[in-house]
Amino acid sequence: MKLYHDKAKDELTRQCITLRGERELALRESYQKDEQLKELQYELSNQKSNVSAMEIQLDILKAKLEDETKRANDLDRSLIESRTELIEFNTILRQLEVHYQQELNRIQSRPQNEFMDKVRYLEQKLSDAFLKSENDQFIKSKQSGKNDELLKENVYLSNELEKLRKLAEESQSLFERNQYKQTEEIAELNRLKQRENELMHMNAMLRQDVLLKSKENEKLQQQLGYQEKTYNGLLTGKQIQPNLIQEFEALKKERQMFVENIKKINEEIAEQKVKIDRLEKEKSQPLNTFMINDKWKDKQTRNNNNNTTNNSSQNNTIQLLLNEENLSPMNINTANTSPINHKPVDEEIIKAFTKVRK
Numbered sequence: 002m003k004l005y006h007d008k009a010k011d012e013l014t015r016q017c018i019t020l021r022g023e024r025e026l027a028l029r030e031s032y033q034k035d036e037q038l039k040e041l042q043y044e045l046s047n048q049k050s051n052v053s054a055m056e057i058q059l060d061i062l063k064a065k066l067e068d069e070t071k072r073a074n075d076l077d078r079s080l081i082e083s084r085t086e087l088i089e090f091n092t093i094l095r096q097l098e099v100h101y102q103q104e105l106n107r108i109q110s111r112p113q114n115e116f117m118d119k120v121r122y123l124e125q126k127l128s129d130a131f132l133k134s135e136n137d138q139f140i141k142s143k144q145s146g147k148n149d150e151l152l153k154e155n156v157y158l159s160n161e162l163e164k165l166r167k168l169a170e171e172s173q174s175l176f177e178r179n180q181y182k183q184t185e186e187i188a189e190l191n192r193l194k195q196r197e198n199e200l201m202h203m204n205a206m207l208r209q210d211v212l213l214k215s216k217e218n219e220k221l222q223q224q225l226g227y228q229e230k231t232y233n234g235l236l237t238g239k240q241i242q243p244n245l246i247q248e249f250e251a252l253k254k255e256r257q258m259f260v261e262n263i264k265k266i267n268e269e270i271a272e273q274k275v276k277i278d279r280l281e282k283e284k285s286q287p288l289n290t291f292m293i294n295d296k297w298k299d300k301q302t303r304n305n306n307n308n309t310t311n312n313s314s315q316n317n318t319i320q321l322l323l324n325e326e327n328l329s330p331m332n333i334n335t336a337n338t339s340p341i342n343h344k345p346v347d348e349e350i351i352k353a354f355t356k357v358r359k
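Residue numbers for the sequence shown follow the working numbering, beginning at 2 and rising by one.
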């Protein structure tokens, strides 16, 4: 028995060591998860800083675009003004042509060189006006090209900003998933610790129950030995009265009853040992936590029912002795059923025998 308990104790220590190793592995995994979480947080902060920088660049480009659009509008206005000036100049030129035609008709006597100089001057003025208008058109076309380039760059930067936002959302979702997995692993580790404590408590209770059953078995064996001694003493007596045959039969029945009770108690002790072995096996595999408690409760109720049936059988066998003379039911019940009173039933029977002989 001691060797078996030592083996069970060694097995429990081995299982505790394995559970501690599993706990250390789980703690290491949680530490690695924390490191990964920190790296993801650092990457997320970098991505956020990049996104903020891109947003600042986008705002700068928007401001540049607004400035360029203002400049283009100013150029349009200046072009319109130059066109109006050109129209005015054309009108003035026509008026001058009319005037010069009139003057030509009027002053035909003037020299031809002076007239040609005036014509060249007017042609030069007209060419300057056309060159100014062409220059304005060139500046406007160049400004429109710059605006197109800025629009393309704005579209490209907006696409890059959208990609960075998607990447930030993915990293945020990955961070949340890792955090959820970490909380689940911590909860599983707490459940395993709680399961280990429950198994140790149940093992201690079952061992205590086995000790109580073994003590009860020893008491019943002592009572059985005492009954055998009294039975042999009564059989070896010289004068056996005929009316004591029923008492001897009752003693035989009670002896058989005690033997059956001892067998039942031994069976219960074996069942408790099987329970201990089963709990030690289930401690190495911490699954189905609530099923073990239910099974243990069911078997405890069965054991309680068996104990009640055993007590009822003992009471029934004792009731057979109540028909004898000078045996009180209170004495027999207190002698047999109460765990406090240590008087066996044989003392009451011997007292009854002595009274009958007197």
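Each residue gets a CB set at the ideal place from its N, CA and C atoms; glycine is no exception.
Keep in mind the model is a prediction, meaning the values are calculated, not measured.
Query, Result
"Inter-residue Cα distance where the pair is Leu38 and Leu193", "24 angstroms"
"Distance between beta carbons of Leu41 and Leu168, contact taken as under 8 angstroms", "Not confirmed; about 12 angstroms, so no contact."
"Validate contact between the stretch 134-143 and the stretch 68-80 using beta carbons, cut 8 angstroms, 3 pairs", "yes"
"Separation of Ala9 from Asp278, as counted between CA atoms", "8 angstroms"
"Where Ala27 falls: helix, strand or coil (DSSP)", "helix"
"Exposure label - Gln257; buried when at least 16 CB within 10 Å", "exposed"
"Same chain, Cβ closer than 6 angstroms to Leu45, five either side skipped, listed in chain order", "Ser172"
"Cα-Cα separation between Leu28 and Lys153, rounded to whole angstroms", "53 angstroms"
"Segment contact, 8 angstroms Cβ cut-off, at least three pairs: the stretch 179-194 with the stretch 17-32", "yes"
"C-beta neighbour in chain C for Lys133, strict 8 angstroms", "Judged by its chain identifiers, the structure shown contains no chain C, having just a single protein chain."
"Alpha carbon of Asn267 to alpha carbon of Gln209, nearest angstrom", "15 angstroms"
"For Ile61 and Ser79, the rounded distance between their alpha carbons", "27 angstroms"
"Local conformation of Lys182 per DSSP, three classes", "helix"
"Contiguous alpha helix (DSSP H) assignments of at least 4 residues, all confined to the stretch 3-67", "none"
"Inter-residue Cα distance where the pair is Ser159 and Leu87", "43 angstroms"
"Cβ-Cβ distance between Leu66 and Leu151 below 8 angstroms", "yes"
"6 angstroms CB neighbourhood of Thr338 in its chain, flanking five on each side removed", "Any reading at Thr338 needs caution, since the residue's pLDDT is 38, under 50, leaving its predicted position unreliable; the model's value is listed next. Closer than 6 angstroms at Cβ, skipping near neighbours: no residue."
"Outcome for Gln195 when other beta-carbon atoms lying within 10 angstroms are tallied against a minimum of 16", "exposed"
"Exposed unless 16 or more other CB atoms sit within 10 angstroms - verdict on Gln102", "exposed"
"Residue burial classification, Gln224 (beta-carbon count within 10 angstroms, cutoff 16)", "buried"
"Rounded C-alpha distance that separates Ala64 from Ser145", "16 angstroms"
"Alpha carbon of Gln180 to alpha carbon of Glu36, nearest angstrom", "12 angstroms"
"Whole-Å CB distance - Met55 paired with Glu124, under 8 angstroms assumed", "Going by Cβ atoms, the distance from Met55 to Glu124 rounds to 57 angstroms, so no, they are not a contact pair."
"Beta-carbon gap between Glu69 and Asn155 smaller than 8 angstroms", "no"
"Whole-angstrom C-beta distance between Gln222 and Ser31, which should lie under 8 angstroms", "Incorrect: roughly 55 angstroms between the Cβ atoms, too far for contact."
"With 16 other Cβ atoms within 10 Å as the buried cut-off, status of Gln16", "buried"
"Buried versus exposed call for Asn289 [16 or more other C-beta atoms within 10 Å across all chains shown]", "Since pLDDT at Asn289 reaches only 49, below the 50 mark, its modelled position is unreliable, and no value is offered."
"8 angstroms Cβ cutoff met for Leu127 and Leu165", "no"
"Coarse secondary structure for Asp347, derived from DSSP in three states", "For Asp347, the predicted structure reports a pLDDT of 46, less than 50, and the residue's modelled location is therefore unreliable. A value from the coordinates is still provided. It is helical."
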